[in-house]
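Student:
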Amino acid sequence: MTQLNPKRLLNITLFELTRLFLTKRGLLAVAAFTICWLLILRYPVGQAVSTMSSPELAAVAQHIFGVIGLSKLLMWPEAELAMYWLIALYSFPIFCLFLCSDQIVGDRQRGTLRFLSLRATRSEILFGRFLGQVLILAILITITLVATVATLAFRESSLLLSGLNRSLVLFFYLVVTVLPFIALMTFLNTIARSSRLTVIMAILFFAVGNIVVSLMSWQLPIFAILNYIFPGVQLEQVAGQNADLFSSIGIPLLQTVVLLVAAQRIFSRSSL
Numbered sequence: 001m002t003q004l005n006p007k008r009l010l011n012i013t014l015f016e017l018t019r020l021f022l023t024k025r026g027l028l029a030v031a032a033f034t035i036c037w038l039l040i041l042r043y044p045v046g047q048a049v050s051t052m053s054s055p056e057l058a059a060v061a062q063h064i065f066g067v068i069g070l071s072k073l074l075m076w077p078e079a080e081l082a083m084y085w086l087i088a089l090y091s092f093p094i095f096c097l098f099l100c101s102d103q104i105v106g107d108r109q110r111g112t113l114r115f116l117s118l119r120a121t122r123s124e125i126l127f128g129r130f131l132g133q134v135l136i137l138a139i140l141i142t143i144t145l146v147a148t149v150a151t152l153a154f155r156e157s158s159l160l161l162s163g164l165n166r167s168l169v170l171f172f173y174l175v176v177t178v179l180p181f182i183a184l185m186t187f188l189n190t191i192a193r194s195s196r197l198t199v200i201m202a203i204l205f206f207a208v209g210n211i212v213v214s215l216m217s218w219q220l221p222i223f224a225i226l227n228y229i230f231p232g233v234q235l236e237q238v239a240g241q242n243a244d245l246f247s248s249i250g251i252p253l254l255q256t257v258v259l260l261v262a263a264q265r266i267f268s269r270s271s272l
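Going by UniProt numbering, the letters in the sequence shown line up with residues 1 to 272, in that order.
(1) Let me check you understand the geometry: is the CB of R193 closer than 8 Å to at least one non-hydrogen atom of the ligand MN?
(2) If you drop the 5 nearest sequence neighbours on each side, which residues of the same chain put their C-beta closer than 6 Å to that of E80?
(3) Going by DSSP, what residue range makes up the alpha helix (DSSP H) through S117?
(4) DSSP three-state label for F187, please.
(5) Below 8 Å, can you find three or more Cβ-Cβ pairs linking the segment 215-231 to the segment 128-147?
(6) Under 8 Å by Cβ, that's how I've got P252 and T177 pegged, so tell me the actual separation to the nearest angstrom.
(7) In whole angstroms, give me the CA-to-CA distance for L74 and K24.
(8) Going along the chain, which residues of its own chain have a beta-carbon closer than 8 Å to the beta-carbon of L159, five neighbours each way excluded?
(9) Is DSSP giving V233 helix, strand or coil here?
(10) Using the rule of at least 16 other Cβ atoms within 10 Å of the residue's Cβ for burial, across every protein chain shown, is F92 buried or exposed?
(11) Check the C-beta distance from I12 over to G128 and give it rounded, since I have them as a contact under 8 Å.
(12) Tell me which same chain residues have a C-beta within less than 7 Å of the C-beta of A239, skipping the five on either side of it?
(13) Just how far apart, CA to CA, sit I40 and I211?
(14) Of all the options V261, S270, L272, R269, which has the alpha carbon lying nearest to the alpha carbon of F130?
(15) Do R269 and T121 have their CB atoms nearer than 9 Å?
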């Protein structure tokens, strides 16, 4: 692998923030994200405690959460963070598929990728763009967590400290969870020719891929191991806080490394 220059890598990483906040496409994505999370904070998160205080709804939730393995979340005193955790764990990976769809394909279409390659190696461009997307997602996760903790503190100020401590743990697991999804989009950027095609390929990868693996596993159970090629395979266990260290951290990190190595190999040999 080509040696990476830290300064050039940092510049490419930070430039992703400019592309998000100073371009029309980026601002539209931020606006859509903001509107969605304002609604989430206003209703499911903001009304989490009042909803669970109803005896009828609490009994139903206890039964449903117990069946699907989420009963541990009902014991959290920070009900807002429990609701946030469930929503964020599944929504941020989906959001990644759209936000991270244009890492290098846009530059390839405009012909600016050749210009960039004169000032940085292909590996620096690829990994810089990946790290830039990770930074953006980390910032967005931080903003939503801060808003959720503020909602929690407004309801019960005594839970602020415990809420901050739990939010740090949630932040770590959320960032680790989205890593393979960002890496998948990095990989697809090396073989697709447009950001729209990248999103379509990602959707087909999950939809068709899961169907194919399910059919293969039905014929020969040993093929069930192929489920680990799909980012998010561990989300059900992670959501209920029932996953071991390898499932919650090891699997997504391993998927990320494999996808990035594959992306780097393809990108280094592809035409610009």
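Don't be surprised by glycine CBs; every beta carbon is placed ideally from N, CA and C.
Tutor: Once the coordinates are examined:
(1) Absence of the ligand MN is noted for the structure shown, with no ligands found whatsoever.
(2) Exclusion of the five residues before and after E80 leaves V45, A48, T148, T151, L152 as the residues of its chain whose Cβ lies within less than 6 Å of its Cβ.
(3) 112-117 is the extent of the alpha helix (DSSP H) around S117.
(4) Assigned with DSSP and collapsed to three states, F187 falls in helix.
(5) With fewer than three CB-CB distances shorter than 8 Å, the segment 215-231 does not count as touching the segment 128-147.
(6) The beta carbons of P252 and T177 sit about 6 Å from each other, so the pair counts as a contact at 8 Å.
(7) L74 and K24: Cα-Cα distance of roughly 41 Å.
(8) For L159, where only same-chain residues beyond five positions count, the Cβ hits under 8 Å are P77, E78, L152, A153.
(9) Note: V233 maps to coil in three-state DSSP.
(10) For F92, the number of other beta carbons within 10 angstroms of its own is at least 16, and it is reported as buried.
(11) With a Cβ gap of about 3 Å, I12 and G128 count as contacting.
(12) So the list reads L70, L86, L89, once near-sequence residues are dropped.
(13) Roughly 31 Å between the two C-alpha positions.
(14) Of the candidates V261, S270, L272, R269, the residue whose Cα lies closest to the Cα of F130 is V261.
(15) Going by C-beta atoms, R269 is not nearer than 9 Å to T121.
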